[in-house]
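In the numbering used here, the protein residues as written are 1129 to 1473. In this text, a Cβ means the ideal position worked out from N, Cα and C, and glycines have one as well. Note that the structure is predicted; figures quoted are calculated from it, not measured. Data block below; observations after.
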């Protein structure tokens, strides 16, 4: 039996449209206030925790791309591979050609997106476990490529001592000052800005007609094709956007760590990006952010257990997926719905 395509309701009343748009805006303002104000005030003197929050924001940004491929019904394990591509593009351009980091950041995403489009056009025809296996091989192929061309990537030794971002100025006006060695707040704010911009764009995409087309592909590609939708084109577009997120995130991490190696991003990282989406909730755009915060916070809290840390963390991750298969946000939404029904009664 064919499934119907769920299209967004465009006949909302003005009051309903305002209420539906205010919720994401309010959530975004809450996230921004908590990240840019509360965290620096509470943990500004603790460099280690600032680095943890910076990493949370950056991996959330990369995971948004994985969430988008889930939206078209594909399991993407190539995100770490394209993040590695973005990292090497920035490392090579910054260290050898002296290109500004602020140019390399979007350029790395563009290169990753272009390669993703070239690779995605044939492989996106596959579905389910077959596509997952191909994307896993892509990540490993990126690592082996970085090892096999030492003249370009410096092989296993990697590219080290990358320069910090210089100042960003426009018409003689300094917009972002040059990053200083040892300063953690600039990277913290940059990661938060990327996270919020990535979340905002993903929300705009999800609530647009293009997002409705993506959901139709996940439900029934044959039916979507019968309605005149160019299935292949939209699949490639979604994958290219996902790769762009990975490339930008990889460029950020390369500059944050001031080095890049073939093992900087591996298959395990792709698995983590996917798990963050599962734990947060695949139905929600903010799911990858929630999943990353919960899982990385849990890992840090288990630091006292030393060598058992990874084992306990893996067990908790499995339990979380088994007990909440639709993610943490789905449980919160269900409980809030019950409370609302009880109050209305």
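Assuming residue i contacts residue j (C-beta within less than 8 Å), just tell me the rounded distance between them.
i: residue 1345; j: residue 1203; result: Their Cβ separation, rounded to whole angstroms, is 14 Å, which puts residue 1345 and residue 1203 out of contact at 8 Å.
i: residue 1460; j: residue 1406; result: The Cβ separation is near 15 Å, so there is no contact.
i: residue 1420; j: residue 1184; result: 5 Å
i: residue 1315; j: residue 1221; result: Residue 1315 to residue 1221, Cβ: 19 Å. No contact.
i: residue 1403; j: residue 1264; result: About 14 Å separates the two Cβ atoms, so there is no contact after all.
i: residue 1190; j: residue 1373; result: 6 Å
i: residue 1329; j: residue 1207; result: The Cβ separation is near 17 Å, so there is no contact.
i: residue 1288; j: residue 1174; result: Wrong, their Cβ atoms sit about 27 Å apart, outside the cutoff.
Can you name, in chain order, every residue of its own chain whose Cβ lies under 7 Å from the Cβ of residue i, other than the five neighbours on each side?
i: residue 1179; result: 1312
i: residue 1149; result: Bear in mind that the predicted position of residue 1149 carries a pLDDT of just 42, short of 50, making it unreliable; the figure below should be weighed with that in mind. Hits under 7 Å: none found.
i: residue 1326; result: 1189, 1192 and 1373
i: residue 1463; result: none
i: residue 1270; result: 1209, 1212 and 1213
i: residue 1166; result: none
i: residue 1422; result: 1407 and 1456
Apart from the five residues on each side of it in sequence, which residues of its chain come closer than 6 Å, Cβ to Cβ, to residue i?
i: residue 1296; result: 1230, 1303 and 1304
i: residue 1389; result: 1286
i: residue 1349; result: 1359
i: residue 1188; result: 1323, 1416, 1417 and 1420
i: residue 1260; result: 1203 and 1205
i: residue 1135; result: Because the pLDDT at residue 1135 is just 39, under 50, the model does not fix this residue reliably, and the value given afterwards should be weighed accordingly. Taken in chain order, the residues that qualify are 1340.
i: residue 1163; result: 1320
i: residue 1139; result: Below a pLDDT of 50, predicted positions are generally treated as unreliable, and residue 1139, at 42, falls in that range; the measurement from the model is reported next regardless. Here the set comprises nothing.
i: residue 1355; result: none
i: residue 1298; result: none
Find out if the Cβ-Cβ distance for the pair residue i, residue j is shorter than 8 Å.
i: residue 1391; j: residue 1215; result: no
i: residue 1293; j: residue 1277; result: no
i: residue 1371; j: residue 1243; result: yes
i: residue 1338; j: residue 1357; result: no
i: residue 1267; j: residue 1209; result: yes
i: residue 1367; j: residue 1457; result: no
i: residue 1290; j: residue 1228; result: no
i: residue 1414; j: residue 1205; result: no
i: residue 1426; j: residue 1444; result: yes
i: residue 1245; j: residue 1364; result: yes
i: residue 1283; j: residue 1272; result: no
So if DSSP puts residue i in a beta bridge, which residue, or which two residues, is it bridged to?
i: residue 1304; result: 1296
i: residue 1288; result: 1387
CB-CB under 8 Å to residue i, same chain, minus the five flanking residues each way: which ones, in chain order?
i: residue 1239; result: 1213, 1214, 1217 and 1375
i: residue 1369; result: 1193, 1196, 1241 and 1333
i: residue 1171; result: 1177, 1178 and 1181
i: residue 1454; result: 1409, 1410 and 1411
i: residue 1437; result: 1427, 1430 and 1431
i: residue 1362; result: 1200, 1338, 1341, 1342 and 1345
i: residue 1161; result: none
i: residue 1186; result: 1319, 1322, 1323, 1377, 1380, 1381 and 1384
Can you find a heavy atom of the ligand GTP that lies under 7 Å from the Cβ of residue i?
i: residue 1187; result: The model on display carries no ligand, and the ligand GTP is accordingly not part of it.
Stretch pair the region 1317-1333 + the region 1374-1382: three plus CB contacts closer than 8 Å: yes
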